[in-house]
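Going left to right, the sequence shown walks through residues 31 to 475 as my numbering numbers them.
Glycine included, each C-beta is placed from N, C-alpha and C at the ideal position.
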Amino acid sequence: MNKELTLGSLFDGSGGFPLAALICEIKPIWSSEVEPFRIRVTQKNLPEVRYLGDIKDIDGSEIEPVDIISFGSPCQDLSIAGKRAGLEGEKSNLFYEAIRVIKEMRCKSNGKYPRYLLWENVPGAFSSNKGEDFRCVLEEITRIKDSKAKLSQPSRWQSAGEILGDNFSLAWRVFDSKYFGVPQRRRRIFLVADLDGGSSREILFEQKSLSRDTSEGCEKGKRNTRAIKESFNKTICLNDQGGQRMDISEELSGTLRAKAGNPPFVYDIRQTSEKTKNERHNIYKCDVSRTIDTSGNTPTRNQGGVAIVEDTYSMSKNSYFTKADKNISSPLLATDYKEPPVVNQKIVRRLIPKECGRLQGFPDYWCDNLGIENPTYKDLEFWREVFDKDAKIKGLKKKKTDKQILKWLKNPHSDSAEYKMWGNGIALPCAIYIFKSLVNTANKT
Numbered sequence: 031m032n033k034e035l036t037l038g039s040l041f042d043g044s045g046g047f048p049l050a051a052l053i054c055e056i057k058p059i060w061s062s063e064v065e066p067f068r069i070r071v072t073q074k075n076l077p078e079v080r081y082l083g084d085i086k087d088i089d090g091s092e093i094e095p096v097d098i099i100s101f102g103s104p105c106q107d108l109s110i111a112g113k114r115a116g117l118e119g120e121k122s123n124l125f126y127e128a129i130r131v132i133k134e135m136r137c138k139s140n141g142k143y144p145r146y147l148l149w150e151n152v153p154g155a156f157s158s159n160k161g162e163d164f165r166c167v168l169e170e171i172t173r174i175k176d177s178k179a180k181l182s183q184p185s186r187w188q189s190a191g192e193i194l195g196d197n198f199s200l201a202w203r204v205f206d207s208k209y210f211g212v213p214q215r216r217r218r219i220f221l222v223a224d225l226d227g228g229s230s231r232e233i234l235f236e237q238k239s240l241s242r243d244t245s246e247g248c249e250k251g252k253r254n255t256r257a258i259k260e261s262f263n264k265t266i267c268l269n270d271q272g273g274q275r276m277d278i279s280e281e282l283s284g285t286l287r288a289k290a291g292n293p294p295f296v297y298d299i300r301q302t303s304e305k306t307k308n309e310r311h312n313i314y315k316c317d318v319s320r321t322i323d324t325s326g327n328t329p330t331r332n333q334g335g336v337a338i339v340e341d342t343y344s345m346s347k348n349s350y351f352t353k354a355d356k357n358i359s360s361p362l363l364a365t366d367y368k369e370p371p372v373v374n375q376k377i378v379r380r381l382i383p384k385e386c387g388r389l390q391g392f393p394d395y396w397c398d399n400l401g402i403e404n405p406t407y408k409d410l411e412f413w414r415e416v417f418d419k420d421a422k423i424k425g426l427k428k429k430k431t432d433k434q435i436l437k438w439l440k441n442p443h444s445d446s447a448e449y450k451m452w453g454n455g456i457a458l459p460c461a462i463y464i465f466k467s468l469v470n471t472a473n474k475t
């Protein structure tokens with residue numbers, strides 16, 4: 031009988047690692063997170079997982095030991111889209127807190143727990159601080175096993191590699207979620223460490239197929255499975271990344287980001303139907319559009335068809351250069367979504383948060399029904415502590431009152447909070463792929 035593996039999730043975010051673990055029959059035990067909205071999301075969906083709060087307050091020797099610790103440590107200071115402050119940045123240096131917790135647990139359990147580590151971060155870590163930051167990441171993880179380990183830095187970090195030691199192994203690899211069955215271009219480093227064996231390579235590299243049957247999307251230029259059109263119908267994405275260009279692409283969204291703006295905008299030709307039984311509807315060229323008929327759920331219907339005008343493209347953000355990119359969308363952002371580009375003939379809209387969740391491989395219900403209509407005093411105490419910690423981290427002078435907390439609990443959801451969560455989150459299928467392989471490998475030993 032196979033041993034049930036257990037998981038602890040640091041920097042838990044959207045709860046992607048615990049959800050992937052459950053799908054792979056790994057039991058998530060505890061999680062650490064500080065953002066109130068994300069805590070509520072995972073509390074609702076994963077009620078059996080114990081919430082530990084801020085990683086800085088966790089003593090690894092005091093919490094329940096687990097077989098696997100996942101930690102997608104904050105990437106803002108490593109990302110090429112951020113300030114590039116590196117591992118010494120205010121947020122990305124929390125990586126060292128994760129290392130501390132792991133060492134404390136290993137010490138208390140005489141080196142038994144955790145055995146496996148899973149670290150996720152942006153590819154910008156390779157070049158952050160001229161490559162020195164990624165060297166530090168590898169060295170710190172290696173020193174969990176060998177405190178005197180020293181690693182040299184190559185001229186350039188490769189997108190995949192491994193380190194083998196005495197009863198220790200570490201491997202890293204860049205995954206792009208577009209090859210894992212979700213229509214989003216999202217490249218992330220996934221690093222696996224086996225602190226008591228040499229299985230990291232087998233876990234990360236030696237599978238013959240990917241999860242979710244993505245064989246059609248595994249070669250460059252081929253169409254991805256689960257194309258975005260399943261959700262949006264004949265959809266094109268406009269991806270305003272806040273830089274010097276905007277990508278226009280079909281069927282595949284770009285990377286979700288967490289800067290609270292610039293999500294991609296999707297547009298499609300609305301249902302254009304005369305009152306006819308013709309399933310193809312009726313579209314024709316004319317000079318004047320007929321009277322709009324607001325019956326049904328498509329307000330652009332009218333009795334004489336929809337007028338088709340000349341194609342006219344324009345955009346916001348100082349008319350940045352526009353590039354058309356077939357079958358793929360560039361990265362999604364969660365910032366500046368109030369200024370979408372404008373396209374005539376087709377209806378422009380931004381991706382709604384639920385669609386961003388789909389681009390990460392999550393179920394539609396993940397952020398539904400978050401409200402607590404009649405919270406108990408115990409609930410209030412819990413959330414008061416959460417918001418007090420949140421205010422301290424953000425340097426806020428005023429804490430939320432109980433009245434404000436109770437009001438928030440009735441409706442915790444906001445689009446901006448969900449956009450930010452997905453932008454910071456993981457692509458679920460990538461984590462499932464790794465956990466499935468880890469379980470298979472662990473059961474062999």
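Which residues does DSSP list as the beta-bridge partners of residue 199?
194 and 224.
Got a sec? Which residues, its chain only, sit under 7 Å from residue 194 by beta carbon, not counting five neighbours each side?
For residue 194, where only same-chain residues beyond five positions count, the Cβ hits under 7 Å are 228.
Let me check understanding here. Comparing Cα to Cα, which of 203, 185 and 454 lies closest to residue 192?
Of 203, 185 and 454, the residue nearest in Cα terms is 203.
Count the other C-beta atoms from every protein chain shown that fall within 10 angstroms of the C-beta of residue 213, then say buried if there are 16 or more, exposed otherwise.
Under this definition residue 213 is a buried residue.
Under three-state DSSP, which class holds residue 152?
Coil at residue 152, not helix or strand.
What distance in whole Å lies between the Cβ atoms of residue 59 and residue 80, which are believed to be in contact at a cut-off of 8 Å?
Their Cβ separation, rounded to whole angstroms, is 7 Å, which keeps residue 80 and residue 59 in contact under 8 Å.
Under the assumption that residue 198 contacts residue 224 (Cβ atoms under 8 Å), give the Cβ distance between them as a whole number of angstroms.
Contact holds; Cβ gap of about 7 Å.
By DSSP, does residue 143 sit in helix, in strand, or in coil?
Residue state, collapsed to three classes: coil.
By the three-class DSSP mapping on this structure, what secondary structure does residue 57 have?
Residue state, collapsed to three classes: strand.
Where does residue 163 land, buried or exposed, given buried means 16+ other C-beta within 10 angstroms?
It counts as buried.
Going by DSSP, what residue range makes up the alpha helix (DSSP H) through residue 37?
Residue 37 -> not in any alpha helix (DSSP H); beta strand (DSSP E) instead, spanning 36 to 40.
Rounded to whole angstroms, how far is the Cβ of residue 440 from the Cβ of residue 403, which I believe are closer than 8 Å?
With a Cβ gap of about 6 Å, residue 440 and residue 403 count as contacting.
Suppose the cutoff is 6 Å on Cβ atoms and the five residues either side in sequence are ignored; what does the same chain contact list for residue 179 look like?
Here the set comprises 172 and 173.
Check whether the stretch 409 to 421 touches the stretch 388 to 395, taking contact to mean three or more Cβ pairs, one atom from each stretch, closer than 8 Å.
In short, these stretches do not touch, since the Cβ pair count stays below three.
Determine the contact status of residue 76 and residue 104, defining contact as a CB-CB distance below 9 Å.
No, Cβ-Cβ distance for residue 76 and residue 104 is not below 9 Å.
So for residue 87, helix, strand or coil by DSSP?
Helix.
Helix, strand or coil for residue 394, going by three-state DSSP, please let me know.
Helix.
CB residue 98 to CB residue 471, shorter than 9 Å?
The answer is no: Cβ separation not under 9 Å.
What residue range does the alpha helix (DSSP H) around residue 465 cover?
Where residue 465 is concerned, the enclosing alpha helix (DSSP H) stretches over 458 to 472.
Could you tell me how far apart the beta carbons of residue 69 and residue 82 are, in whole angstroms, since I believe they sit closer than 8 Å?
11 Å between Cβ atoms; not a contact.
Give a yes or no on whether the C-beta atoms belonging to residue 170 and residue 126 are separated by under 9 Å.
In contact: residue 170 and residue 126 (Cβ atoms closer than 9 Å).
Helix, strand or coil, according to DSSP, for residue 206 in the structure here?
Residue 206: strand per DSSP, three-state reduction.
With DSSP collapsed to three states, give me the class of residue 380.
Note: residue 380 maps to strand in three-state DSSP.
Can residue 56 be considered in contact with the ligand HEM, in the sense that its beta carbon sits closer than 8 Å to one or more heavy atoms?
With respect to the ligand HEM, the structure shown offers nothing to examine, as it has no ligands at all.
With DSSP collapsed to three states, give me the class of residue 174.
In this structure, residue 174 counts as helix in the three-state DSSP scheme.
Are the beta-carbon atoms of residue 460 and residue 218 separated by less than 9 Å?
For residue 460 and residue 218, yes; Cβs fall inside 9 Å.
Considering just the uninterrupted stretch of the alpha helix (DSSP H) at residue 132, what are its terminal residues?
Its alpha helix (DSSP H) spans residues 124 to 138.
Alpha carbons only, please: which of 208, 421 and 190 is nearest the one belonging to residue 200?
The residue with the shortest Cα to Cα distance from residue 200 is 190.
Across which residues does DSSP place residue 100 in a beta bridge pair?
39 and 148, per the DSSP bridge assignment.
How far does the alpha helix (DSSP H) with residue 72 in it extend, from its first residue to its last?
Counting along the chain, the alpha helix (DSSP H) containing residue 72 begins and ends at 66 to 75.
To the nearest angstrom, how far is the alpha carbon of residue 188 from that of residue 152?
Between residue 188 and residue 152, the C-alpha separation is close to 14 Å.
From 57, 149, 468 and 387, pick the residue whose C-alpha is nearest to that of residue 100; which is it?
Residue 149 is the option with its Cα nearest to residue 100.
I need the boundaries of the alpha helix (DSSP H) containing residue 236, first residue and last residue.
Run containing residue 236: none; DSSP gives neither H nor E here.
Run the CB neighbour count on residue 448, radius 10 Å, all protein chains shown included, and call it buried at 16 or more, exposed below.
By the neighbour-count rule (16 or more Cβ atoms within 10 Å), residue 448 is buried.
So for residue 219, helix, strand or coil by DSSP?
Note: residue 219 maps to strand in three-state DSSP.
Nearest by alpha-carbon distance to residue 182: which of 147, 155, 196 and 166 is it?
Taking only the C-alpha atoms, the option nearest residue 182 is 166.
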